[in-house]
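See below for the structure under consideration.
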């Protein structure tokens, strides 16, 4: 059963009904159109009547064309009878020629008009010239022969000019009828006139179509029957609660109406449908929601700006390295061992004790970035930049973390700052890049400011012309292409960078991430393995490798890598800081999603405890973690 097909069929029925005016006998209290619609309702309630209703529907369309011709012929006969009362009789052949020619020309004109209206998308295929004439009272006739007069009566002997004048008067009267009311109305004795739209809204057929639209009634195409539907879709409370929880986690203060299920279509307010006061109130609430969203967006942008430049680092509480004499040296030793979590704690202790230590802030930032904690990395690097705005390594690291956090403008600012603060390329700061009115913004527009992107790209290409052996230039240009989601160009830049410095694990990881984003996860795995060969504790490379395995539907391998990444990220510590907890939770979320794809509901439930032991045992990682 295809509900969508049934919906389209119902819409076609509704459309055809607005163009039909005959074919079903009318009573004094029911219009012809309503009679057809009632028949549709009866067919819906009684499947045995469906075939009969469909046959009536087809006859209706055929009868429409015959009725229009009958109306025109009746008007022509009335004109002839009026002429016969004022003149002498003459032979039919002698006078019928010019009038019949005019009648046929008028009929041809109507046909051409219908064709033109259809070419403009107007629903006029079944209207024809009959819509321009005053409606006559008649009973529908079964076939075309019944519409023909039984015998031609002698016609009045009028001069052709007088006859043409009478016919012109008749056509003028018909045109006046059309000009009087462009919207056709339907009425019955003792009832007010109603337009097509008003009559449809009050009809049973409209109610039937509303039931189809709201899925209260479905069309079973296999059986050809109407069946009871589930009714309008209702929002699941669990979904709303999940969205509310997600918004709180992301710090988004959304209006409460966002989490409420929308009302069904039949309950939508309008000035014509329902209480006008309630409609005004509803519109006021909608306007308030828009204002709330605008305010929320402005606040979000302000928070983003603050986070981008924040120097308020959330230090880990109860840090044991606060009581050590040489935490910086211990941190460097931990880096050599690949224990990023312990190294970060040691560097935090140094920065907490001495907030003016630029080197400690810088290494803390790069360590947190390698440990898949870009949010903390940005804050630490901002402190280092504040102490030394010309620190090139800080600008380069900031550009990568901002790219990972999708802060495109901040990433481009950092890349440009690296270039203009470099002693070899600082002269490029004075280069003026003229605007390009024909700039193609189709792709980059959605990810970055195209003008700023063009400026940064032009400056880096000029710098590479000056020094094609600088691997950092290719690395930075690759990051810039990543901002614009130009992954093929970015991968080419990183390949040149690793060719110049093949022992840099960060460059290999960047190449792998770019290949993965470009749809080449198999090639990305090779790059990640090279990065981990150089630095076995590189958590970011582990995490990225897990994502690549997942994209290749190798979920068991993906889960193994995630468990290893979580273990390495924690490094035997029990982080309780807000930033560390959030970063670790993201790892657990990825593991939970992967286990769901493996249909391991038993393990999914264990992830909420955030205890590694059962997963280390499950994936045979004893001795590897």
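Numbering (the UniProt record's numbering), first residue to last: 1 to 625.
Ideal Cβ placement from N, Cα and C applies to all residues, glycine included.
For this session: Output the boundary residues of the alpha helix (DSSP H) element that contains residue 311.
Result: Here residue 311 corresponds to residue number 311 of the chain shown, with the count starting at 1. First-last for residue 311: undefined, no H or E at that position.
For this session: Inspect the beta-carbon positions of residue 401 and residue 378 and report whether they are closer than 7 angstroms.
Result: Taking the first residue of the chain shown as 1, we reach residue 401 at position 401. Taking the first residue of the chain shown as 1, we reach residue 378 at position 378. Going by beta carbons, residue 401 and residue 378 fall inside the 7 angstroms limit.
Exercise. Near residue 616, what residues of its chain come up, given a Cβ to Cβ distance below 8 angstroms and the 5 sequence neighbours on each side ignored?
Worked result: Taking the chain shown and counting its residues from 1, one reaches residue 616 at position 616. 563, 567, 622 and 625.
Problem set entry | Nearest-angstrom beta carbon gap, residue 607 and residue 555 [assumed within contact, 8 angstroms] | The residue labelled residue 555 in the question sits at position 555 within the chain shown. The residue labelled residue 607 in the question sits at position 607 within the chain shown. Contact doesn't hold; Cβ gap of about 14 angstroms is too wide.
Exercise. How long is the line joining the alpha carbons of residue 613 and residue 547, rounded to whole angstroms?
Worked result: Within the chain shown, the letter at position 613 stands for residue 613. Within the chain shown, the letter at position 547 stands for residue 547. When only Cα atoms are considered, residue 613 and residue 547 end up about 22 angstroms apart.
For this session: Please report how far the alpha carbon of residue 619 lies from the alpha carbon of residue 533, in whole angstroms.
Result: For this step, residue 619 is matched to residue 619 along the chain shown. For this step, residue 533 is matched to residue 533 along the chain shown. Taking the Cα positions, residue 619 is about 21 angstroms away from residue 533.
Problem set entry | alpha helix (DSSP H) segment containing residue 496, residue limits | Position 496 of the chain shown, counted from the start, is the residue given in the question as residue 496. Per DSSP, the continuous alpha helix (DSSP H) segment holding residue 496 begins and ends at 487–500.
Exercise. What residues are listed by DSSP as bridge partners for residue 428?
Worked result: On the chain shown, position 428 is the one that residue 428 refers to. None; residue 428 has no bridge partner.
For this session: Would you list the residues sitting across from residue 218 in a DSSP beta bridge?
Result: Against the chain shown, residue 218 aligns to sequence position 218. The partner list for residue 218 (beta bridge, DSSP) reads 227.
Problem set entry | residue 567 (DSSP reduced to helix, strand or coil) | Counting from 1 along the chain shown, the entry for residue 567 is found at position 567. Note: residue 567 maps to helix in three-state DSSP.
Exercise. With a Cβ-Cβ cutoff of 7 angstroms, do residue 341 and residue 561 count as a contact?
Worked result: Locating residue 341 in the chain shown gives position 341, counting from the first residue. Locating residue 561 in the chain shown gives position 561, counting from the first residue. Not closer than 7 angstroms, so no.
Exercise. Using the beta-carbon count (16 or more within 10 Å), is residue 461 buried or exposed?
Worked result: The count along the chain shown starts at 1 and reaches residue 461 at position 461. Classified as exposed, residue 461 has fewer than 16 neighbouring CB atoms from the shown chains inside 10 Å of its CB.
Problem set entry | Cβ neighbours of residue 8 in the same chain (closer than 6 angstroms, five flanking residues each side left out) | For this step, residue 8 is matched to residue 8 along the chain shown. Annotation note: pLDDT 41 at residue 8 (below 50); position unreliable, no value reported.
For this session: Specify the secondary structure class of residue 611 as computed by DSSP and reduced to three states.
Result: As a first step, residue 611 must be located in the chain shown, where it is residue number 611. Coil at residue 611, not helix or strand.
Problem set entry | 8 angstroms contact criterion, which residue 514 and residue 487 should meet: CB distance rounded | Start at 1 with the first residue of the chain shown, and residue 514 comes out as number 514. Start at 1 with the first residue of the chain shown, and residue 487 comes out as number 487. Yes, residue 514 and residue 487 are in contact; Cβ-Cβ is about 5 angstroms, under 8 angstroms.
Exercise. Taking the C-alpha atoms as reference points, what is the distance between residue 309 and residue 419?
Worked result: Here residue 309 corresponds to residue number 309 of the chain shown, with the count starting at 1. Here residue 419 corresponds to residue number 419 of the chain shown, with the count starting at 1. Spanning the two alpha carbons is a distance of roughly 20 angstroms.
Exercise. Can you tell me the Cα-Cα spacing of residue 509 and residue 397, whole angstroms?
Worked result: Stepping through the chain shown from its first residue, residue 509 is reached at position 509. Stepping through the chain shown from its first residue, residue 397 is reached at position 397. Cα-Cα distance, rounded: 14 angstroms.
Exercise. When DSSP labels each residue in this structure, what does residue 617 get in the three-state scheme?
Worked result: Here residue 617 corresponds to residue number 617 of the chain shown, with the count starting at 1. Annotated three-state conformation of residue 617 is helix, per DSSP.
For this session: Using the Cα positions of residue 390 and residue 586, report the straight-line distance between them to the nearest angstrom.
Result: Here the question's residue 390 lines up with position 390 in the chain shown. Here the question's residue 586 lines up with position 586 in the chain shown. When rounded, the separation of the alpha-carbon atoms in residue 390 and residue 586 is 33 angstroms.
For this session: With a 10 Å radius around its C-beta and 16 neighbouring C-beta atoms as the bar for buried, classify residue 433 as buried or exposed.
Result: Translated into positions along the chain shown, residue 433 becomes position 433. Residue 433 comes out exposed.
Exercise. Where residue 321 and residue 373 are concerned, what is the direct C-alpha to C-alpha distance, given to the nearest angstrom?
Worked result: Along the chain shown, one-based indexing puts residue 321 at 321. Along the chain shown, one-based indexing puts residue 373 at 373. Distance between the alpha carbons of residue 321 and residue 373: 20 angstroms.
Exercise. With 16 other CB atoms within 10 Å as the buried threshold, where does residue 330 fall?
Worked result: On the chain shown, position 330 is the one that residue 330 refers to. Label assigned to residue 330: buried.
For this session: Compare the C-alpha of residue 483 against each of 557, 387, 406 and 319 and name the closest.
Result: If you number the chain shown from 1, residue 483 lands on position 483. Scanning 557, 387, 406 and 319 for the CA closest to the CA of residue 483 turns up 406.
Exercise. If you check the beta carbons only, do residue 386 and residue 311 fall under 7 angstroms apart?
Worked result: For the purposes of this step, residue 386 is taken as residue 386 along the chain shown, with counting starting at 1. For the purposes of this step, residue 311 is taken as residue 311 along the chain shown, with counting starting at 1. Yes, they are a contact pair.
Problem set entry | Candidates 417, 381, 453 and 395: closest to residue 408 by CA position | On the chain shown, position 408 is the one that residue 408 refers to. For the options 417, 381, 453 and 395, the alpha carbon positioned closest to that of residue 408 is the one of 453.
Exercise. How would you write the range of the alpha helix (DSSP H) that residue 368 sits in, first residue to last?
Worked result: Residue numbering aside, residue 368 sits at position 368 when the chain shown is read from its first letter. In the DSSP assignment, residue 368 falls within the alpha helix (DSSP H) that extends over 358–370.
For this session: Please go through the same chain and pick out, in chain order, the residues whose beta-carbon is closer than 6 angstroms to the beta-carbon of residue 153, but skip the five residues on each side of it.
Result: Here the question's residue 153 lines up with position 153 in the chain shown. Model confidence at residue 153 stands at a pLDDT of 45, short of 50, so the residue's coordinates are unreliable; what they give is reported in the following sentence. Within the same chain, residue 153 has no close Cβ partners at all.
Exercise. Under the rule that 16 or more other beta-carbon atoms within 10 Å means buried, what is residue 306, buried or exposed?
Worked result: Position 306 of the chain shown holds residue 306. Looking at its Cβ environment, which holds fewer than 16 other Cβ atoms inside 10 Å, residue 306 is exposed.
Exercise. Thinking just about the alpha-carbon of each residue, which of 314, 317, 315 and 354 is nearest to the one in residue 326?
Worked result: Taking the first residue of the chain shown as 1, we reach residue 326 at position 326. The residue from 314, 317, 315 and 354 with its alpha-carbon nearest to that of residue 326 is 354.
Problem set entry | Whole runs of the alpha helix (DSSP H) within the segment 448–474, excluding any shorter than 4 residues | Within the segment 448–474, the complete alpha helix (DSSP H) runs of at least 4 residues are 450–466.
Exercise. For residue 518, which of 491, 381, 539 and 527 has the nearest alpha-carbon?
Worked result: By 1-based counting over the chain shown, the position of residue 518 is 518. Comparing C-alpha distances from residue 518 to each of 491, 381, 539 and 527 shows the shortest one belongs to 491.
Problem set entry | CA-to-CA distance, residue 542 to residue 596, given in whole angstroms | By 1-based counting over the chain shown, the position of residue 596 is 596. By 1-based counting over the chain shown, the position of residue 542 is 542. The alpha-carbon of residue 596 is positioned some 20 angstroms away from that of residue 542.
Problem set entry | Spatially closest choice to residue 551 from 529, 537, 590 and 471, by CA coordinates | Here residue 551 corresponds to residue number 551 of the chain shown, with the count starting at 1. Comparing Cα-Cα distances from residue 551 to each of 529, 537, 590 and 471, the minimum goes to 590.
Exercise. Do you know whose CA, among 348, 338, 531 and 522, lies nearest residue 502's CA?
Worked result: Counting from one through the chain shown, the residue named residue 502 turns up at place 502. With distances taken between Cα atoms, residue 502 lies closest to 531.
For this session: Could you name the residues of the same chain whose beta carbon sits closer than 7 angstroms to that of residue 609, not counting the 5 residues immediately before and after it, in chain order?
Result: The count along the chain shown starts at 1 and reaches residue 609 at position 609. Excluding sequence positions up to five before and after residue 609, its CB lies less than 7 angstroms from no other CB in the same chain.
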